[in-house]
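Peer 1: Take this structure first; my questions come after.
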Amino acid sequence: MQFFKLNLEIYPLKYIKKAIEDYSSLVKIKCSLEENTVILNFDCDEEDFQIIKNEFCNYLIGLVGKYI
0 MQFFKLNLEI YPLKYIKKAI EDYSSLVKIK CSLEENTVIL NFDCDEEDFQ IIKNEFCNYL
60 IGLVGKYI
């Protein structure tokens with residue numbers, strides 16, 4: 000399982016949860032909170048992780064930008 004962290008001061012939790020929901024058909028994502036950080040665990044191999052993580056982040060940036 001691969002993971003990365005997102006800062007809640009930059010990415011509101013509601014948009015992170017929306018992105019997780021929208022990506023649930025591609026990869027299983029577990030989310031945990033740690034202070035002002037969300038830790039996302041992706042259930043995939045390293046090669047897929049890099050691609051999915053990058054696309055997930057682009058999607059999340061688009062969601063945040065759309066509603067700000």
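Residues in the sequence shown are numbered consecutively from 0, following numbering that gives the first Met the number 0. Just so it is clear, CB atoms sit at the ideal spot from N, CA and C, and this is done for glycine as well.
On the DSSP letters alone, give me the boundaries of the alpha helix (DSSP H) that Val63 sits inside.
Peer 2: Unbroken alpha helix (DSSP H) run through Val63: Glu45 to Tyr66.
Peer 1: When burial is assigned at 16 or more other CB atoms within 10 Å of the CB, is Ile50 buried or exposed?
Peer 2: exposed
Peer 1: Under 6 Å Cβ to Cβ from Met0, same chain only, skipping five residues before and after it: list those, please.
Peer 2: Asn40 and Asp42
Peer 1: Can you tell me the Cβ-Cβ gap for Ile38 and Lys17, rounded? I've got them flagged as a contact below 8 Å.
Peer 2: At roughly 17 Å, the Cβ-Cβ gap does not stay under 8 Å, so Ile38 and Lys17 are not in contact.
Peer 1: Tell me, which residues are paired with Leu39 by DSSP?
Peer 2: For Leu39, which the question treats as bridged, DSSP gives the partners Phe3 and Cys30.
Peer 1: Label Phe55 either buried or exposed according to how many other C-beta atoms from any shown protein chain fall within 10 Å of its C-beta, with 16 as the threshold for buried.
Peer 2: buried
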